[in-house]
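Trainee: Protein chains in written order, with our numbering: chain A, 9 to 297; chain B, 22 to 694. Sharing a structure with you now.
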């Protein structure tokens, strides 16, 4: 009998746990073992609230996501009915989408992340009080776990301040998919940029075609080895198009650099043509004032 | 700008009183930091808002949950950190309503201190009395940078299948930026222009979800106001020039109404759409007095643009192995501004465009670890310009891509991808005339240039041992433009990244990464000087740009013993640019031959270190010591203190060493009984 005590004790625990699982506050049974999860923060988050007394939200319990898992309760070495870590690709997303289905989530299943096998749990921390990817200071670290280039970009000369969280990835990109092009939050690249750079939105009386067409004709969105996130250095960037007589067509070589020619030092072309994003002044026909 | 701190304190104290049965927990953080910054600078963005050597750090966070209804909760936090001041407040009931407010302040510096000839740098910049030119002129130190203050109010209400949400945002920008001004060729100067802008926006969203329907009605309105609309100045280089005024940007407004949604025929079959119409307007009046004497004054310099977007997509996954997506997009940019004449030779220059795209992509799991994804896309863009003349240029892109994931080779997972875009353009007569080899005006822009782009990618994940993973990514991109004469000639880039993730022990993890990027570009020009006044009259040239970027980093987290965690984040980047050129002979298209020249290289090295030691003094109290370092060395021939003698603006390449040592104590409140 004494030798059977451990087994009986386990049986008693399992029965108690299964009885607890049948109750609305089913998490209590899980927390008998997974106490650290609660202390780690889930009890402070929306996923640790249990049943909604007003009945407005579905009950969020451990079993709501992981299934009733009687085998796991009886034998902790047996995994729960469902674990996100073991789900292949987007296998776990259905559980999340059962509740999170409004707004952008309508596009999730067909978005770029889902197509690449990135699941909800790849980015979101469920068992913690705060989810780093939803925190201004934490999102960059989560996204750059995969998007390594953007991490290295923060060491370039000009950059958007993403590492500090002053600009977040989700300020421009819709990670859950959407109808906009290129996974952006706004219908176009320019509309996305104008969210912060509204002074360049215009419309102006003198429009500079490439500027109005797409900011990325001249700028790199994340960072650049050149100043002002430019794809190439002035005057060479401007000379990709402007090649007219006299100074636009001049080859700016070392002799002119030594002479401190104003067309190549300082802001180069922008020393004079400062209104390249568009202007209204009569002199803005050449974007000068 | 009004100081933010008093507002934060007032808002914090105005937090609602909590009920006795409610649960309240939170944290408080106090500390101090010291930095060696002599000029208020520590990096580009992470400089202390407090510019003195010693400064305080602090934070307070309170989380409240209703004892009777745990779905009702509130949150309130105020933070004064190294690089920003922030306050957040939230009151919500999960799935029912949310009211949130946040305000932040941070600053970006631009390249360190500068000097200018202007002592007074407000609305009108006048030269000091007795100013006789740049030689021997007195220098006045100035500060380039913009401080931003952002505030937002979030509202949400769930009413059955409806969710109504609003986001009101406001941003103030204040500071100064460098802006160029010139009278004519050869007398440009850089001025320090004040920045005093405000941008307010409201985002409204009514979402409906019921059964297979998901509908969103969206509205967005944004208003940009510039309190520094114009900058008057006297030209410090050309003393004979009359006082002039720079346009620093008019006020503008933007309104968009959109309707998007989806209908789900089945869990794996859905049609979705997006329709929107946007109206952008500017309201400019300050330039009226500047119009040329003798020209009739215009009633208005207003401008208007209407953007229309239509999108339709069909997604289907008929089986577990196969899925496809069909998309059609249309966008019209309709500039409705009058083609006004602003000067004897100056007509408004207005731009319109329409874009259309049809795309089909699919994925198929072949079994045995094989998986294929691919697609095709047709794009057509029509761009029209209205100025003295009107003309239209069209470009057609055909894009194909394919990605193959191969079966694992033991511990190696890998995939290959290739994509190509072929562009044909139909240029207007006016555009082609500008390419006249005898007297060129404009080369063909990148987006109208016919040619082909190729891109190849290789991705591999190799498990070296348990807990040790090596990930590699390589990408090569190449543009072959059908353009030998003027403008862009060729472009290619290579990118390689390696990441090593090592979970050495349960308490020690190391992540190391290396990234290398190479970017090459060549372009042709034509030095057109029929009089032969310059060294190479009517001669062609080719210029080569080579940009390189190398970066590496190590992240380490070590739990030395329970309650003691050390972490380190060290990264280093080196960026180099070089520029070569050579004169081309008449029929020369190659790289060899001709007189060649090189500009000095441009280099920027950045090293950043963020090391911290956190000790849990008790279950609720943590002490943290953190050290931050940034070393930046930029060497750029375009800048230098001698620019003061050329552009009236002394502005050197940035070089700085920033050190900051921070100590904080964080205490977690116990939940209320």
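Glycine included, every Cβ here is placed at the ideal spot set by N, Cα and C.
1. Compute the beta-carbon to beta-carbon distance between residue 602 of chain B and residue 261 of chain A, rounded to the nearest angstrom, for a pair I have assumed lies under 8 Å.
2. Can you check whether the C-beta of residue 305 of chain A is within less than 9 Å of a C-beta belonging to chain B?
3. Return the chain-ordered list of same chain residues with a C-beta closer than 6 Å to the C-beta of residue 280 of chain A, the five sequence neighbours on each side being excluded.
4. Start and end of the alpha helix (DSSP H) containing residue 267 of chain A?
5. Starting from residue 444 of chain B, follow the beta strand (DSSP E) in both directions and report where the run begins and ends.
6. Count the CB pairs spanning the stretch 88 to 105 of chain B and the stretch 134 to 147 of chain B that are closer than 8 Å, and state whether there are at least three.
7. Take residue 515 of chain B as the anchor and find which of B:569, B:84, B:676 has the nearest alpha-carbon.
8. Does residue 156 of chain A get closer than 9 Å to chain B when you measure Cβ to Cβ?
9. Classify residue 9 of chain A as buried or exposed, calling it buried when 16 or more other Cβ atoms lie within 10 Å of its own Cβ.
10. How big is the Cα-Cα spacing for residue 290 of chain A and residue 133 of chain A?
11. CB-CB under 6 Å to residue 153 of chain B, same chain, minus the five flanking residues each way: which ones, in chain order?
12. Would you kindly check if the distance between the Cβ of residue 47 of chain B and the Cβ of residue 83 of chain B is under 9 Å?
13. Return the CA-CA distance between residue 215 of chain A and residue 349 of chain B, expressed in angstroms with no decimal places.
14. Can you name the residues of chain A whose CB is closer than 7 Å to the CB of residue 697 of chain B?
15. According to DSSP, is residue 113 of chain A part of a helix, a strand, or is it coil?
16. For residue 462 of chain B, return the contacting residues in chain A, with the cut-off set at a CB-CB distance below 7 Å.
17. Do residue 632 of chain B and residue 589 of chain B come within 9 Å of each other at the CB atom, strictly closer than that value?
18. Apart from the five residues just before and just after residue 109 of chain A, which ones in its own chain have a Cβ nearer than 6 Å to its Cβ?
19. Under 8 Å from any heavy atom of the ligand GDP, does the C-beta of residue 662 of chain B make it?
20. Bridge partners of residue 208 of chain A, per DSSP?
21. For residue 139 of chain B and residue 160 of chain B, I'd like the C-alpha separation in whole angstroms.
22. Report the rounded CA-to-CA distance for residue 390 of chain B versus residue 483 of chain B, giving the unit in angstroms.
23. Which one or two residues does DSSP pair with residue 172 of chain A in a beta bridge?
24. Can you tell me whether residue 157 of chain B is buried or exposed? The criterion is at least 16 other CB atoms within 10 Å of its CB, across all chains shown.
25. Would you call the stretch 222 to 233 of chain A and the stretch 193 to 211 of chain A touching, i.e. three or more CB-CB distances under 8 Å?
26. If you follow the beta strand (DSSP E) that residue 671 of chain B is in, where does it begin and where does it stop?
27. On the CB-based measure, 16 or more other CB atoms within 10 Å of its CB, does residue 193 of chain B come out buried or exposed?
28. Residue 685 of chain B to residue 100 of chain B, Cα distance in whole Å?
29. I think residue 444 of chain B touches residue 416 of chain B, with their Cβ atoms under 8 Å apart; what is that distance to the nearest whole Å?
30. Contact criterion: CB-CB distance below 9 Å. Does residue 159 of chain A meet it with respect to chain B?
31. Under 7 Å, CB to CB, which of the residues in the stretch 163 to 176 of chain A have a partner in chain B?
32. Could you check what DSSP says for residue 312 of chain B in three-state terms: helix, strand or coil?
33. Using a Cβ-Cβ cut-off of 6 Å (strictly less than) and excluding sequence neighbours within five positions of residue 102 of chain A, which residues of its own chain qualify?
34. Just list the alpha helix (DSSP H) runs in the stretch 441 to 506 of chain B, keeping only unbroken ones of 4 residues or longer that don't cross its boundaries, in chain order.
35. Would you tell me roughly how many angstroms separate the C-alpha atoms of residue 285 of chain A and residue 268 of chain B, rounded to the nearest one?
36. Within 10 angstroms of its Cβ, does residue 170 of chain B collect 16 or more other Cβ (buried), or is it exposed?
Mentor: Short version:
1. Yes, they are in contact, since the Cβ atoms of residue 602 of chain B and residue 261 of chain A sit about 6 Å apart, within 8 Å.
2. The structure shown does not extend to residue 305 of chain A, since chain A is modelled only from 9 through 297, so no value can be given for it.
3. 296.
4. Boundaries for residue 267 of chain A: no alpha helix (DSSP H) harbours it, and the DSSP string shows neither H nor E there.
5. 433 to 447
6. no
7. The candidate whose alpha carbon is nearest that of residue 515 of chain B is B:569.
8. yes
9. Its pLDDT being 49, under 50, residue 9 of chain A is placed unreliably in this model, and the value from its coordinates should be taken loosely. Result: exposed.
10. Whole-angstrom Cα-Cα distance: 56 Å.
11. none
12. Going by C-beta atoms, residue 83 of chain B is nearer than 9 Å to residue 47 of chain B.
13. 28 Å
14. Here chain B covers residues 22 to 694 and nothing more, so residue 697 of chain B does not appear.
15. helix
16. 252
17. Using a Cβ distance threshold of 9 Å, residue 589 of chain B and residue 632 of chain B count as a contacting pair.
18. Excluding five sequence positions before and after residue 109 of chain A, none of the CB atoms of its chain fall closer than 6 Å to its own CB.
19. Because no ligand of any kind appears in the structure shown, any question about the ligand GDP cannot be addressed here.
20. Answer is none; residue 208 of chain A lacks a bridge partner.
21. 8 Å
22. Rounded to the nearest angstrom, the two C-alpha atoms are 16 Å apart.
23. Residue 172 of chain A is not bridged to any residue.
24. The residue in question, residue 157 of chain B, is exposed, as its Cβ has fewer than 16 Cβ neighbours within 10 Å.
25. Taking a contact to require three or more Cβ pairs closer than 8 Å, the stretch 222 to 233 of chain A and the stretch 193 to 211 of chain A qualify as touching.
26. 670 to 672
27. buried
28. 12 Å
29. 6 Å
30. yes
31. 163, 164, 165, 169, 172, 174
32. Note on residue 312 of chain B: pLDDT 47, under 50, position unreliable in the model; the coordinate value appears next. Correct three-state label for residue 312 of chain B: coil.
33. none
34. 450 to 455
35. 12 Å
36. buried
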